[in-house]
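In this text, residue positions in the sequence shown follow this note's numbering: the first is 1223, and each later residue adds one. Okay, so here's the structure we're looking at.
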Amino acid sequence: MVQTTPSPIQVVLPQGFRASAVHCGLRKQQDHADLGLLIAGEAQKAVAVFTQNRLCGAHVHVCREHLQQSAGLVRAILVNARNANCATGQQGIADARAVCAQLAQRIGCPPEQVLMCSTGPIGAPLPKEKILAKLDWLVEHQSEHAGGEFARAIMTTDTFPKAQTRTFAANDRIARVTGFAKGAGMIHPNMATMLAFTLVDACPEGDLQMLLRRSADRSYHRVTIDGDTSPNDTLVLWAGGATCATAPFEQAVTEAGQELARSIARDGEGATRFLTIEVRGAMDEAEANLVGRTIATSPLVKTAVAGRDPNWGRILSAAGRCGVPFDAELVRVWVGPAEVYSHGVPHPEREGEAHQHLMQNTDIVLGIDLQRGIAQADIWSCDLTKDYIQINADYRS
């Protein structure tokens, strides 16, 4: 991963939503926004899933509180970069509440209809005054064309902004899903895995919270960079407008989330290879996910890929320690198109083909068939390089 200044991207927002972004002084780069706003013309229904880390950022407490108080109605989401407002005690929570209240006053809604999310280094007080000083600008410059600027503003160590759009039929019109995400490190499945926001200009009947959990299980919960789950992880689904059928809504939301999850893995800190871990022949999807995540987070597997070494023994060994009771004599393992182990026997004559797959492609496939059932899952990750160490060694400097 090469650190670059990302170019603006064009993002079409769903009907009724607007965005804005500005530099408020949290980043050193004056030309890089660090404060972003998403806003709806009127309060719309929102649900969220949050980190399972016992250490929670202040915004996690406030978002949960506001969603409960507002019965899930949200008018605006404010996001700041370069400061996690985490491990900052009651003052951090009070600061987040104060920012929400000030934004609510400017847009004419109750404070509980405003969510705030923060991302960045842990432990520093929230620079509240810098954020408050730019709220008027954000409100005045909200636009249906500023989704790309918002995507860039919420980045941390990302090298490119991440946004995806899908459309689907909603009765007699075409509805739109637009998803945003940020993340390149401290990424691992555990409810949510980064900051992510999905906006939709339609809403199905039924349990939107359960729909989001199902969607997250098939998208964001299948990406891992380094096995670390952030204390600020937040995924919000924000939907309003005409009622629509559940199935096409869920499919579009999930597809957007899957592509964003893959883009996070492609942008993994220091990454040179995007990995798809194919797990086949599991008893159920949860079992397939467990095996895939164990392989994807193995430092030995990830460094082997970084070194272009088709070391299938590391793949099989990682799967063998995850607690799934498969028979190693029946398992198949492959690297790209080359099956390198099957029926208890390695195939060294195929390692040349596997090596070429690692050398010639940036999208790498590693696979295992457990021969236990018919369930399967793909997990997305990246290799582990010296640059990952350097990026994180310099993170706060």
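Heads up, the beta-carbon is just placed ideally off N, CA and C, and yes, glycines get one too. Just so it is clear, the structure is predicted and the values come from calculations on it, not from any experiment.
Can you list, in chain order, the residues of its chain whose CB lies under 7 Å from that of residue i, leaving out five sequence neighbours each side?
{"i": "ASN1393", "result": "ALA1464, CYS1466"}
{"i": "GLN1232", "result": "GLY1370"}
{"i": "HIS1245", "result": "GLN1252, HIS1254, ALA1255, ASP1256"}
{"i": "CYS1331", "result": "ALA1265, ARG1297"}
{"i": "ARG1530", "result": "HIS1577, LEU1580, MET1581"}
{"i": "LYS1350", "result": "ASP1317, ALA1320, VAL1321"}
What is the C-beta distance between residue i and residue j, in whole angstroms, given that I count them as a contact (C-beta under 8 Å)?
{"i": "ALA1241", "j": "GLY1369", "result": "5 Å"}
{"i": "GLY1407", "j": "THR1379", "result": "6 Å"}
{"i": "LEU1257", "j": "LYS1356", "result": "6 Å"}
{"i": "ASP1600", "j": "PHE1496", "result": "Actually they are not in contact, since the Cβ atoms of ASP1600 and PHE1496 sit about 12 Å apart, beyond 8 Å."}
{"i": "GLY1279", "j": "ALA1320", "result": "Rounded, the Cβ-Cβ distance is 16 Å, inconsistent with contact."}
{"i": "GLY1238", "j": "GLY1263", "result": "5 Å"}
{"i": "LYS1267", "j": "LEU1289", "result": "So it is not a contact: roughly 10 Å between Cβ atoms."}
Which value, in whole angstroms, describes the spacing of the CA atoms of residue i and residue j?
{"i": "VAL1527", "j": "GLN1312", "result": "44 Å"}
{"i": "GLY1535", "j": "VAL1361", "result": "56 Å"}
{"i": "ARG1435", "j": "ARG1444", "result": "13 Å"}
{"i": "MET1223", "j": "LYS1524", "result": "For MET1223, the predicted structure reports a pLDDT of 37, less than 50, and the residue's modelled location is therefore unreliable. A value from the coordinates is still provided. Their Cα atoms are separated by approximately 15 Å."}
{"i": "VAL1399", "j": "ALA1550", "result": "43 Å"}
{"i": "ALA1478", "j": "GLY1401", "result": "6 Å"}
{"i": "VAL1234", "j": "THR1273", "result": "28 Å"}
{"i": "ALA1309", "j": "HIS1569", "result": "51 Å"}
{"i": "ASN1533", "j": "PRO1559", "result": "15 Å"}
{"i": "GLU1573", "j": "ARG1554", "result": "14 Å"}
{"i": "ASN1511", "j": "LYS1352", "result": "42 Å"}
{"i": "THR1498", "j": "ALA1541", "result": "15 Å"}
{"i": "ALA1270", "j": "GLU1575", "result": "44 Å"}
{"i": "HIS1254", "j": "GLN1578", "result": "39 Å"}
{"i": "GLU1472", "j": "TYR1442", "result": "14 Å"}
{"i": "LEU1552", "j": "CYS1544", "result": "17 Å"}
{"i": "GLY1595", "j": "TYR1563", "result": "19 Å"}
{"i": "THR1420", "j": "TRP1556", "result": "35 Å"}
{"i": "VAL1336", "j": "LEU1538", "result": "47 Å"}
{"i": "PRO1217", "j": "GLN1327", "result": "Given that the chain is displayed from residue 1223 to residue 1619, the structure contains no residue 1217 and the question cannot be resolved."}
{"i": "ALA1474", "j": "ALA1303", "result": "28 Å"}
{"i": "VAL1422", "j": "GLY1566", "result": "49 Å"}
{"i": "GLU1571", "j": "ARG1515", "result": "28 Å"}
{"i": "GLU1334", "j": "GLN1324", "result": "11 Å"}
{"i": "GLY1458", "j": "ALA1391", "result": "The sequence shown places Val at residue 1458, not Gly. Cα to Cα, the separation comes out at about 22 Å."}
{"i": "GLN1291", "j": "ILE1486", "result": "32 Å"}
{"i": "THR1226", "j": "VAL1301", "result": "Any answer about THR1226 is weak, because its pLDDT of 41 lies below 50 and its placement is not dependable; what the coordinates show is given next. Roughly 22 Å between the two C-alpha positions."}
{"i": "GLU1561", "j": "ILE1613", "result": "35 Å"}
{"i": "ASN1583", "j": "LEU1606", "result": "16 Å"}
{"i": "ARG1395", "j": "MET1432", "result": "25 Å"}
{"i": "PHE1372", "j": "MET1505", "result": "42 Å"}
{"i": "VAL1282", "j": "PRO1347", "result": "16 Å"}
{"i": "ALA1518", "j": "ASP1450", "result": "12 Å"}
{"i": "GLY1345", "j": "ASP1358", "result": "27 Å"}
{"i": "LEU1259", "j": "GLU1500", "result": "37 Å"}
{"i": "SER1437", "j": "HIS1367", "result": "27 Å"}
{"i": "ILE1315", "j": "ALA1615", "result": "28 Å"}
{"i": "SER1452", "j": "CYS1604", "result": "18 Å"}
{"i": "PRO1236", "j": "ASN1275", "result": "32 Å"}
Looking only at its own chain, which residues have a Cβ that is under 6 Å from the Cβ of residue i, when we skip the five neighbours before and after it?
{"i": "LYS1608", "result": "none"}
{"i": "ARG1502", "result": "ASP1591, GLN1598"}
{"i": "LEU1482", "result": "LYS1384, GLN1386, GLY1401, ALA1403"}
{"i": "ARG1440", "result": "THR1476"}
{"i": "ILE1261", "result": "ARG1240, ALA1298, GLN1364"}
{"i": "VAL1546", "result": "GLU1509, VAL1513"}
{"i": "LEU1627", "result": "The shown model of the chain, from 1223 to 1619, leaves out residue 1627, and the question about it has no answer."}
{"i": "ALA1424", "result": "ALA1392, ALA1397, GLY1463, ALA1464, CYS1466"}
Looking only at its chain, what residues have a beta carbon closer than 8 Å to the beta carbon of residue i, apart from the 5 residues adjacent to it on each side?
{"i": "SER1365", "result": "ARG1240, ALA1241, SER1242"}
{"i": "TYR1610", "result": "GLY1407, ASP1448, GLY1490, GLU1491, GLY1492, ALA1493"}
{"i": "PRO1343", "result": "ARG1304, ASN1305, ALA1306, TYR1617, ARG1618"}
Could you spell out where the beta strand (DSSP E) holding residue i opens and where it closes?
{"i": "PRO1383", "result": "Note, PRO1383: premise wrong, no beta strand (DSSP E); not H, not E."}
{"i": "GLU1477", "result": "First-last for GLU1477: 1468-1488, but that is the alpha helix (DSSP H), not the beta strand (DSSP E)."}
{"i": "GLY1503", "result": "1496-1504"}
{"i": "CYS1339", "result": "1336-1340"}
{"i": "ALA1303", "result": "Looking at the DSSP string, ALA1303 is not in any beta strand (DSSP E), and its letter there is neither H nor E."}
{"i": "ILE1315", "result": "Note, ILE1315: premise wrong, no beta strand (DSSP E); alpha helix (DSSP H) at 1311-1329."}
{"i": "TYR1563", "result": "1560-1564"}
{"i": "SER1613", "result": "Here residue 1613 turns out to be Ile, not Ser, going by the sequence shown. No beta strand (DSSP E) contains ILE1613, which is instead part of the alpha helix (DSSP H) from 1608-1615."}
{"i": "GLY1589", "result": "1585-1591"}
Just reading off the alpha helix (DSSP H) that residue i is part of, what are its end residues?
{"i": "CYS1604", "result": "No alpha helix (DSSP H) contains CYS1604, which is instead part of the beta strand (DSSP E) from 1597-1604."}
{"i": "LEU1165", "result": "Given that the chain is displayed from residue 1223 to residue 1619, the structure contains no residue 1165 and the question cannot be resolved."}
{"i": "ASP1439", "result": "1430-1439"}
### Query
Can you list, in chain order, the stretches of the beta strand (DSSP E) that have 3 or more residues and sit fully within the region 1229-1297?
Runs of the beta strand (DSSP E) inside the region 1229-1297: 1239-1244, 1257-1272.
### Task
Counting only runs of 4+ residues fully inside the region 1508-1553, write out the alpha helix (DSSP H) ranges in chain order.
For the region 1508-1553, whole alpha helix (DSSP H) runs of length 4 or above, ordered along the chain, are 1521-1528, 1534-1542.
### Message
Report the start-end ranges of each alpha helix (DSSP H) in the region 1349-1425 that is 4 residues or longer and not cut off at the edges.
### Response
1350-1354, 1357-1362, 1369-1375, all fully within the region 1349-1425.
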